[in-house]
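Single-structure report; data block below.
Protein chains: 2
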Amino acid sequence: MQLLWLSLLPCLYLASLCSAEQGLEFPSFDGKDRVLHINERNYKKALKRFDMLCLLYHEPQPAHKGRQKQLQMTELVLELTAQVLEDKDIGFGMVDSQKDAKVAKKLGLEEEGSLYIFKDDRVIEFDGEFSADTLVEFLLDVLEDPVELISNPMELRAFERMEEDIRLIGYFKGEDSCESVYAIACIMRWPVRFYTTSVMDKLCVVMQTAKHLSLKMNEVNFYEPFMEEPAILPGRQLSEMEIVEFVHQHKRATLRKLRAEDMFETWEDNLDGIHIVAFAEEEDPDGYEFLEILKDVARDNTNNPELSIVWIDPDDFPLLTTYWEKTFKVNLFKPQIGVVNVTDADSVWLDMSNDEDLPTAEELEDWIEDVLSGKVNTEDDDDVKDDYDGVDREDRHHGDDHDDHGDDYDDHDDSD
Amino acid sequence: MQLLWLSLLPCLYLASLCSAEQGLEFPSFDGKDRVLHINERNYKKALKRFDMLCLLYHEPQPAHKGRQKQLQMTELVLELTAQVLEDKDIGFGMVDSQKDAKVAKKLGLEEEGSLYIFKDDRVIEFDGEFSADTLVEFLLDVLEDPVELISNPMELRAFERMEEDIRLIGYFKGEDSCESVYAIACIMRWPVRFYTTSVMDKLCVVMQTAKHLSLKMNEVNFYEPFMEEPAILPGRQLSEMEIVEFVHQHKRATLRKLRAEDMFETWEDNLDGIHIVAFAEEEDPDGYEFLEILKDVARDNTNNPELSIVWIDPDDFPLLTTYWEKTFKVNLFKPQIGVVNVTDADSVWLDMSNDEDLPTAEELEDWIEDVLSGKVNTEDDDDVKDDYDGVDREDRHHGDDHDDHGDDYDDHDDSD
Numbered sequence: 001m002q003l004l005w006l007s008l009l010p011c012l013y014l015a016s017l018c019s020a021e022q023g024l025e026f027p028s029f030d031g032k033d034r035v036l037h038i039n040e041r042n043y044k045k046a047l048k049r050f051d052m053l054c055l056l057y058h059e060p061q062p063a064h065k066g067r068q069k070q071l072q073m074t075e076l077v078l079e080l081t082a083q084v085l086e087d088k089d090i091g092f093g094m095v096d097s098q099k100d101a102k103v104a105k106k107l108g109l110e111e112e113g114s115l116y117i118f119k120d121d122r123v124i125e126f127d128g129e130f131s132a133d134t135l136v137e138f139l140l141d142v143l144e145d146p147v148e149l150i151s152n153p154m155e156l157r158a159f160e161r162m163e164e165d166i167r168l169i170g171y172f173k174g175e176d177s178c179e180s181v182y183a184i185a186c187i188m189r190w191p192v193r194f195y196t197t198s199v200m201d202k203l204c205v206v207m208q209t210a211k212h213l214s215l216k217m218n219e220v221n222f223y224e225p226f227m228e229e230p231a232i233l234p235g236r237q238l239s240e241m242e243i244v245e246f247v248h249q250h251k252r253a254t255l256r257k258l259r260a261e262d263m264f265e266t267w268e269d270n271l272d273g274i275h276i277v278a279f280a281e282e283e284d285p286d287g288y289e290f291l292e293i294l295k296d297v298a299r300d301n302t303n304n305p306e307l308s309i310v311w312i313d314p315d316d317f318p319l320l321t322t323y324w325e326k327t328f329k330v331n332l333f334k335p336q337i338g339v340v341n342v343t344d345a346d347s348v349w350l351d352m353s354n355d356e357d358l359p360t361a362e363e364l365e366d367w368i369e370d371v372l373s374g375k376v377n378t379e380d381d382d383d384v385k386d387d388y389d390g391v392d393r394e395d396r397h398h399g400d401d402h403d404d405h406g407d408d409y410d411d412h413d414d415s416d
Numbered sequence: 001m002q003l004l005w006l007s008l009l010p011c012l013y014l015a016s017l018c019s020a021e022q023g024l025e026f027p028s029f030d031g032k033d034r035v036l037h038i039n040e041r042n043y044k045k046a047l048k049r050f051d052m053l054c055l056l057y058h059e060p061q062p063a064h065k066g067r068q069k070q071l072q073m074t075e076l077v078l079e080l081t082a083q084v085l086e087d088k089d090i091g092f093g094m095v096d097s098q099k100d101a102k103v104a105k106k107l108g109l110e111e112e113g114s115l116y117i118f119k120d121d122r123v124i125e126f127d128g129e130f131s132a133d134t135l136v137e138f139l140l141d142v143l144e145d146p147v148e149l150i151s152n153p154m155e156l157r158a159f160e161r162m163e164e165d166i167r168l169i170g171y172f173k174g175e176d177s178c179e180s181v182y183a184i185a186c187i188m189r190w191p192v193r194f195y196t197t198s199v200m201d202k203l204c205v206v207m208q209t210a211k212h213l214s215l216k217m218n219e220v221n222f223y224e225p226f227m228e229e230p231a232i233l234p235g236r237q238l239s240e241m242e243i244v245e246f247v248h249q250h251k252r253a254t255l256r257k258l259r260a261e262d263m264f265e266t267w268e269d270n271l272d273g274i275h276i277v278a279f280a281e282e283e284d285p286d287g288y289e290f291l292e293i294l295k296d297v298a299r300d301n302t303n304n305p306e307l308s309i310v311w312i313d314p315d316d317f318p319l320l321t322t323y324w325e326k327t328f329k330v331n332l333f334k335p336q337i338g339v340v341n342v343t344d345a346d347s348v349w350l351d352m353s354n355d356e357d358l359p360t361a362e363e364l365e366d367w368i369e370d371v372l373s374g375k376v377n378t379e380d381d382d383d384v385k386d387d388y389d390g391v392d393r394e395d396r397h398h399g400d401d402h403d404d405h406g407d408d409y410d411d412h413d414d415s416d
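In order, the protein sequences belong to chains A and B.
Position 345, counted from 1, in the first sequence is what full-length UniProt numbering calls 345; the numbers after and before it change by one each time, with no gaps.
Position 268, counted from 1, in the second sequence is what full-length UniProt numbering calls 268; the numbers after and before it change by one each time, with no gaps.
Okay, structure coming up:
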């Protein structure tokens with residue numbers, strides 16, 4: 001347990017320098033064991049004892065020293081998380097996939113290395129970056145009230161700003177108190193949150209602002225990320241199952257942001273081993289502009305089930321930025337869009353070297369069409385390195401007359 | 001160096017689980033020493049060799065084992081940062097405040113534990129969270145082109161969205177190329193960035209959109225964070241010194257956000273040992289609404305040099321959230337505003353327990369006035385615990401007739 005304390009020292013070190021000022025002390029591990037080793041004898045008691053139980057389903061104790069330490073460090077991240085959240089009535093445990101196979105089966109644990117969160121008879125699988133920051137933020141979100149009451153135009157604006165998330169919104173007439181609205185949501189047996197999809201997704205309940213959204217009583221609207229127009233869930237008095245199923249069907253958004261809390265889940269959900277990946281810094285004027293173009297493209301193609309673009313803001317992943325630059329051979333100080341083969345990280349990128357002109361939405365759509373039809377792919381350039389421009393002009397689907405800006409691609413060879 | 005590798009394993013561990021997919025591999029320390037030990041013999045060479053040199057000015061090797069390990073871990077964070085940024089031509093070094101006192105004096109290093117960044121004859125002091133994430137993000141920002149060219153309405157919108165930062169904007173007629181605009185900025189001897197204030201602050205150059213901002217040629221506008229109206233820097237053909245001085249004078253914004261990259265700098269810049277601190281989650285409807293009210297208050301009081309509110313979004317500091325809840329005895333799932341004494345972290349908070357009604361801007365202003373006049377302070381409640389409501393009603397500055405919502409304060413005793 002000593003090790004974790006060490007791994008936190010960088011924070012402590014500088015924190016201690018401003019010892020004249022109090023109020024920004026990063027936590028250091030106190031050495032107390034809080035993570036339980038879950039087995040057949042204690043799992044029921046653990047489920048009962050805590051409001052929320054987080055179980056790490058892990059590989060058996062490995063023989064390899066390096067992997068032993070990995071497992072130890074993972075446990076230490078859990079220990080710190082447990083310490084930080086000590087007052088929140090959350091239990092933490094480890095389940096060995098070999099020794100505790102029976103318990104794992106009973107609890108429905110499947111993916112080694114995943115963290116399973118049990119709360120209110122639901123199970124949430126955490127498949128994001130396994131750091132104390134990300135975990136604590138995720139678990140605090142799970143603890144938060146899942147129903148947001150939107151009761152004035154300002155709160156409606158906040159709802160409209162959350163365009164990165166899947167959002168559900170309904171209009172219910174209840175008493176004038178939060179409790180009653182919450183009760184209505186519960187009585188209707190709606191999921192407290194769409195735990196099965198992602199914990200970030202909220203069921204928003206509108207009281208007084210329904211007219212701004214042209215919502216009808218008891219109707220539920222579904223907002224895909226970055227879409228301005230909602231989809232209306234068919235039927236009224238929907239059951240929990242119907243809503244969950246609808247969300248599952250519409251879960252893979254046309255444009256979705258890579259987030260630390262579910263990055264591996266998103267990456268695993270590729271289309272035939274391929275991701276269309278766009279890098280854009282939202283805080284950068286160029287990046288912002290490119291993102292707006294991407295949103296236009298996504299809105300135009302929201303009904304195409306074959307299309308899903310993963311938007312990565314490099315600012316969210318500082319430790320991965322130079323790795324991506326090396327692996328994909330792109331400059332991430334500028335916006336980029338390309339195709340990544342997730343099997344070997346081979347990639348091909350749209351040439352946007354003309355700094356002043358980002359591609360138009362139409363040019364991007366043409367390129368995407370070429371990707372989806374297989375004309376632009378990560379394999380062709382491996383053979384023909386020098387003069388391939390990514391598209392056979394005579395084979396173009398559209399013979400339209402816009403300029404050829406979007407037709408030239410970088411031909412990166414990532415076979416090294 | 002083994003230790004750092006261990007400290008990164010949590011990331012590796014889960015990353016390795018999705019080994020079927022490539023493209024999201026977090027870096028692990030490779031054990032290679034990249035951080036130099038800077039002394040009188042090698043400092044000039046180091047300054048010459050790298051585009052950018054980052055020097056950690058540290059305390060002498062401590063006798064205490066715990067502090068020895070702290071220093072070691074700090075070095076390891078630097079090592080990982082150096083590895084991640086290996087291709088960026090950045091040098092990293094350590095300077096011992098005792099052994100290398102002469103070098104430190106020559107280089108102007110003053111604060112033990114601070115990281116000093118040398119670039120283009122300027123020095124930037126990093127006084128933020130000392131983690132590899134934050135450091136890498138910060139240094140990548142320093143490397144980015146400091147001049148942003150705003151050339152269309154979309155990019156102007158991006159500029160307007162960056163309300164959290166200090167922004168400078170000027171209108172120059174140059175050639176139609178980025179190079180010439182950049183050259184103009186340099187020829188005018190303007191700071192490439194306002195390194196002396198914060199690296200996040202950019203000099204924006206407007207080409208074609210000047211009319212939207214009613215900018216005059218060669219004029220420079222200064223935007224304080226969260227302000228809609230800019231201040232115009234007096235005079236034309238301003239020198240670098242004049243601009244830097246103006247920025248320094250206006251640096252302490254009426255409302256400023258706590259950011260990982262300069263959190264300790266902000267916290268040290270308190271007013272007589274006191275901070276007015278507002279907690280609000282921007283992604284939460286309530287938090288968003290409260291923040292909008294705060295912005296109104298800040299805009300109304302932007303000319304009051306006595307007032308500076310530190311806004312903390314708990315989402316940005318997951319590891320500190322429960323620490324703050326315990327230290328300040330507040331519930332951070334809801335917006336909060338209070339006064340914090342940075343000497344002992346004693347605090348007093350505005351009672352906003354009525355969930356449905358956030359205070360109005362006027363009520364907040366009244367409360368702030370009571371804080372500034374000393375009527376609301378962190379000391380009084382330590383003596384009178386039971387019935388103090390934070391204000392003597394008969395002594396109120398304003399006898400106006402709005403309701404008393406803002407007049408009741410929690411009386412927390414943090415003397416434990």
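Yeah, the Cβ is synthetic: ideal placement off N, Cα and C, and Gly gets one too.
Quantities reported herein were computed from a predicted structural model and do not represent experimental measurements.
Query	Result
Of the listed residues B:102, B:103 and B:140, nearest to residue 334 (chain A) (C-alpha basis)	B:140
Residue 31 (chain A) versus A:44, A:75, A:21 and A:39, residue with shortest Cα-Cα distance	A:75
Chain B contacts from the segment 331-345 of chain A (Cβ-Cβ distance under 9 Å)	332, 333, 340, 341, 342, 343, 344 and 345
With 16 other Cβ atoms within 10 Å as the buried cut-off, status of residue 110 (chain A)	exposed
Start and end residues, beta strand (DSSP E) containing residue 52 (chain A)	52-58
Chain-order list of residues whose beta-carbon lies under 7 Å from that of residue 38 (chain B) (same chain, five-residue window excluded)	46, 55, 93, 94, 95, 100 and 103
Coarse secondary structure for residue 293 (chain B), derived from DSSP in three states	helix
Alpha-carbon spacing of residue 337 (chain B) relative to residue 359 (chain B), whole angstroms	11 Å
Where residue 363 (chain B) meets chain A, residues with beta-carbon distance less than 8 Å	Result: empty, since nearest Cβ-Cβ is about 16 Å, beyond 8 Å.
As assigned by DSSP and simplified to three states, the class of residue 90 (chain A)	strand
Simplified DSSP state of residue 249 (chain B), which is helix, strand or coil	helix
Whole-angstrom distance between residue 127 (chain A) and residue 132 (chain B), CA atom to CA atom	22 Å
Whole-angstrom distance between residue 328 (chain A) and residue 291 (chain A), CA atom to CA atom	20 Å
Residue 136 (chain B) - DSSP class collapsed to helix/strand/coil	helix
N- and C-terminal bounds of the beta strand (DSSP E) containing residue 338 (chain A)	336-341
Interface residues of chain A facing residue 267 (chain B) [CB-CB closer than 7 Å]	18, 21, 23 and 24
Given 8 Å, three or more beta-carbon pairs between the segment 264-284 of chain B and the segment 310-319 of chain B	yes
Classification of residue 275 (chain A) by the beta-carbon crowding that lies within 10 angstroms, buried from 16 upward	buried
Interface flag, residue 230 (chain A) vs chain B, CB-CB below 9 Å	no
Extent of the continuous beta strand (DSSP E) to which residue 125 (chain B) belongs	122-126
Own chain partners of residue 263 (chain B) with C-beta closer than 7 Å, once the 5 adjacent residues on each side are dropped	128 and 129
For residue 122 (chain A) and residue 222 (chain A), the rounded distance between their alpha carbons	22 Å
9 Å Cβ cutoff, residue 148 (chain A) in contact with chain B	yes
Endpoints, the alpha helix (DSSP H) within which residue 259 (chain A) is located	Per DSSP, residue 259 (chain A) belongs to no alpha helix (DSSP H) and is neither H nor E.
Element boundaries [alpha helix (DSSP H), containing residue 368 (chain A)]	361-372
Identity of the residues DSSP links to residue 419 (chain A) by a beta bridge	Lying before the first or after the last residue shown, residue 419 (chain A) is absent from chain A, which here runs from 1 to 416.
Reduced DSSP category for residue 277 (chain A) - H, G, I as helix; E, B as strand; rest coil	strand
Start and end residues, beta strand (DSSP E) containing residue 118 (chain B)	115-119
Contact with chain A by residue 378 (chain B), beta-carbon distance below 9 Å	no
Collapsed DSSP secondary structure at residue 348 (chain B) in the structure displayed	strand
CB contact check: residue 284 (chain B) to chain A, cutoff 9 Å	yes
Beta carbon proximity, residue 140 (chain A) to chain B, threshold 9 Å	yes
Interface residues of the segment 24-42 of chain B facing chain A [CB-CB below 9 Å]	24, 25, 26 and 27
Separation of residue 105 (chain A) from residue 281 (chain A), as counted between CA atoms	43 Å
C-alpha gap between residue 252 (chain B) and residue 226 (chain B), whole angstroms	12 Å
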